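S.K.: The structure follows.
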Amino acid sequence: MEIAFYLSGLVAVLATLGVISNTNPVHALLYLIVSLIAVALVFFSLGAPFAGALEIIVYAGAIMVLFVFVVMMLNLGEAVVAQERAWLRPRTWLGPALLAGVLLVTLVGTLWRGDIGLVIEGETLTAKAVGTLLFGPWLLIVELAAILLLAALVTASHVGRLRPPEKPPTDRESGARKEAS
Amino acid sequence: MNWLSPTLVEALIAMSKALVILLAAVLLGAVMTVVERRLLGLWQDRHGPNRVGPFGSLQLVADMIKIFFKEDWIPPFADRPLFVLAPAIAMASLLLSFMVIPITPGWGVADLHIGLLFFLAMAGINVYAVLFGGWSSGNKYALIGAMRASAQTLSYEVFMGLSLMGVVAMADSFNLREIVNAQTTVWFVIPQFFGFCTFLIAGIAVTHRHPFDQPEAEQELADGYHIEYSSMKFGMFFIGEYVGMVLISALIVTLFFGGWHGPLLPPIVWFMLKTAVFLVLFVLLRAALPRPRYDRVMSFGWKICLPLTLINLLVTGAVILIVG
């Protein structure tokens, strides 16, 4: 099972690199699907088949289908490939890659020492602590944020609603309107 | 014969069983192409293919020879890797699903704890065959077919999973073998009648069978997503459809009609008989029903089937809570 874990992990990393470096959007999405399936295999090898199956059903089977659907509808042509090529020039990615490399080194160094309790001030804030804080003392703010999202939803549904086709005003109507004004 | 240890013998037997099931699934899919045409002929009051061999029984061989010797043409405007990959996905995802189906107490490939979820995952992967096939063909009809197929399959897969959750709740397991064993006294089609109806509809829609063959509607789309395919690549889409039909029939039998359970006859015969009934039902539906309009197919899925499965699931859960 360990071999399966490392192999599928390697496939996931390579496929994700393929997503970034591929210039054809649909091929890049294909790499992303492979990456998701590899992550599902990682779950399987870790002894969590349920999570693995859900990963494939939800991400590979539903969300990625919508991605592919939209990309296919856009009918992206040569211009997009050229633009992707331009983005892949070292001049574009060298700076961010350097900064990300510094972060990677820091992360690996911290993990290497295995000293998770070492923080600058106070103690490590776990997900549980965040949850109790959010739904305890700060409940009002969470609810307000939810209402903001609801407002956005209502706005989106208002903007996207079907309008009844507007009839152009007939001569008689516009004439009547002129008389009234 | 020292190297022939008991574990090796066991592994060899399991492998040969898996191979037999694989071959049986593919062969049954191929035979169904001819059986369907004969049955359609019977129900539509015409002859059907009855010239090759006695009662047209060799029609399958003739078709195979024809399809193998056709030119395997890839259009120059097609996206080559995806064009080749699509039929492979179509066939492989469906064949892999046969892995979880328990045929008799002794026959079956894998005894997965998440058997049903595995089938749903493979059904999800199967959408890509149509999507990639339609897009990589570089043909507008193919693209429209792929659009329709993916929209239809996504909508119907939503409640396909939900329609099975009632069965899962009653059997208390995702394992198909345990689901069959839970039906020794009463088949799940009786308590889960609405689940059965919606799963049947969703199964027909997901395999793009008539009357849900919108993606390949001949009159409007000139065969839809596989219009540019020829030779055995088309053959894989074509056989894949029938393999899907066999798969859905076998699943309906496993989930709702007690699998191999039945009096007198041996389990394998019961399983095959029940599966055959549903295969014939698939053909009868094609012979009898006209193709509905696309928007009606979509609104039927979302407005009738999805609420129905949700209500079914709620009532099932309530009954289990009250009785248990």
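Residue numbers (the numbering used here), protein chains in the order written: chain A, 1 to 181; chain B, 182 to 505. For glycine and all other residues, C-beta sits at the position ideal for the given N, C-alpha and C. In this text, all values refer to a predicted model and were calculated from it rather than measured experimentally.
Quick one: measure Cβ to Cβ for B/L185 and B/F279, integer angstroms, because I've assumed they're closer than 8 Å.
M.R.: Not quite, the Cβ-Cβ distance comes to about 29 Å (not below 8 Å), so this is no contact.
S.K.: Using 7 Å as the limit for Cβ to Cβ distance, is A/S181 near chain B?
M.R.: For A/S181, the predicted structure reports a pLDDT of 49, less than 50, and the residue's modelled location is therefore unreliable. A value from the coordinates is still provided. No, A/S181 lies away from the interface with chain B (no Cβ there is under 7 Å from its Cβ).
S.K.: Excluding five sequence neighbours on each side, which residues of the same chain lie with their C-beta closer than 8 Å to the C-beta of B/G319?
M.R.: P256, F258, A259, D260, E409, listed in sequence order.
S.K.: Helix, strand or coil for B/T285 per DSSP?
M.R.: Coil at B/T285, not helix or strand.
S.K.: Which residues of the segment 80-102 of chain A have a Cβ closer than 8 Å to any Cβ of chain B? Give them in chain order.
M.R.: So nothing in the stretch comes that close.
S.K.: Can you tell me whether A/E78 is helix, strand or coil according to DSSP?
M.R.: Helix, per DSSP.
S.K.: Specify, as a first and last residue, the run of the alpha helix (DSSP H) that B/W451 falls within.
M.R.: It spans 448-469 - the alpha helix (DSSP H) in which B/W451 sits, taken as one unbroken run.
S.K.: Report buried or exposed for B/Q333, applying the criterion of at least 16 other Cβ atoms within 10 angstroms of its Cβ.
M.R.: When all chains shown are included, B/Q333 counts as buried.
S.K.: For B/V361 versus B/F355, is the C-beta distance shorter than 7 Å?
M.R.: The answer is no: Cβ separation not under 7 Å.
S.K.: Quick one: does B/L345 have its CB under 7 Å from some CB of chain A?
M.R.: So, not an interface residue.
S.K.: Is it buried or exposed, B/T497, if we count other Cβ atoms within 10 angstroms and call 16 or more buried?
M.R.: It is buried - the Cβ of B/T497 has at least 16 other Cβ atoms within 10 Å.
S.K.: I need the straight-line Cα distance from B/C486 to B/I382, nearest angstrom please.
M.R.: In a straight line, the C-alpha of B/C486 is about 9 Å away from that of B/I382.
S.K.: For chain A, find out if any of its Cβ atoms is closer than 7 Å to the Cβ of B/A302; answer yes or no.
M.R.: B/A302 counts as touching chain A.
S.K.: Could you give the DSSP three-state label for B/K251: helix, strand or coil?
M.R.: The answer is coil: DSSP assigns B/K251 none of H, G, I, E or B.
S.K.: Does any CB atom of chain A fall closer than 7 Å to the CB of B/L487?
M.R.: Not closer than 7 Å to any Cβ of chain A, the Cβ of B/L487 fails to qualify, so no.
S.K.: Is A/V11 near A/A53, with beta carbons less than 7 Å apart?
M.R.: Cβ atoms of A/V11 and A/A53: not closer than 7 Å.
S.K.: Can you grab the Cα-Cα spacing for the pair A/V58 / B/G234, in whole Å?
M.R.: Cα-Cα distance, rounded: 48 Å.
S.K.: Please compile the residues from chain A whose C-beta is within a distance smaller than 7 Å of the C-beta of B/W166.
M.R.: With chain B running from 182 to 505 in the structure shown, residue 166 of chain B is simply not present.
S.K.: Going along chain B in order, which residues have a C-beta closer than 8 Å to the C-beta of A/G61?
M.R.: Going along chain B in sequence order, the residues near A/G61 (Cβ under 8 Å) are L301, A302, A304, G305, I306, V308, E338.
S.K.: Given that A/F50 touches chain B, what residues does it touch there, using C-beta distances under 9 Å?
M.R.: Within chain B, the residues near A/F50 are H294, I295, L298, F355.
S.K.: Is the beta carbon of B/M213 less than 7 Å from the beta carbon of B/Y475?
M.R.: Not closer than 7 Å, so no.
S.K.: Find the residues of chain A that neighbour B/S331, judging by a C-beta separation of less than 8 Å, and give them in chain order.
M.R.: Correct list: V65, V68, F69.
S.K.: Expressed to the nearest angstrom, what Euclidean distance is found between the alpha-carbon atoms of A/W185 and A/F67?
M.R.: No statement about residue 185 of chain A is possible, as the shown extent of chain A runs from 1 to 181 and does not include it.
S.K.: Here's the rule: buried if 16 or more other CB atoms are within 10 angstroms of the residue's CB, otherwise exposed. What is B/L209?
M.R.: By the 10 Å Cβ count, B/L209 comes out buried.
S.K.: When the distance is taken between beta carbons, is B/Y337 closer than 7 Å to B/A386?
M.R.: Result yes, Cβ atoms of B/A386 and B/Y337 sit closer than 7 Å.
S.K.: Just mark B/A195 as buried or exposed, buried being the case when its beta carbon has 16 or more other beta carbons within 10 Å.
M.R.: Exposed, because fewer than 16 other Cβ atoms sit within 10 Å of the Cβ of B/A195.
S.K.: My understanding is that B/G376 touches B/N231, with C-beta atoms under 8 Å, so please give their C-beta distance in whole angstroms.
M.R.: At roughly 40 Å, the Cβ-Cβ gap does not stay under 8 Å, so B/G376 and B/N231 are not in contact.
S.K.: Under 7 Å, Cβ to Cβ, is there at least one residue of chain A near B/L432?
M.R.: Judged by the 7 Å Cβ criterion, B/L432 is not in contact with chain A.
S.K.: Where B/A267 and B/Y309 are concerned, what is the direct C-alpha to C-alpha distance, given to the nearest angstrom?
M.R.: Straight-line Cα distance between these residues: approximately 7 Å.
S.K.: Suppose you measure from the CA of B/K236 to the CA of B/L502; what does that come to, to the nearest Å?
M.R.: The displayed chain sequence assigns Phe, not Lys, to residue 236 of chain B. Straight-line Cα distance between these residues: approximately 55 Å.
S.K.: Pop quiz: B/L470 and B/P392 are said to be a contact at Cβ under 8 Å. What is the actual Cβ separation, rounded to whole angstroms?
M.R.: Sure, about 4 Å apart at Cβ, within 8 Å.
S.K.: Just verifying my parser: in three-state terms, what is the DSSP assignment at A/S181?
M.R.: Legend: pLDDT at A/S181 = 49, less than 50; position of this residue unreliable, no value from coordinates given.
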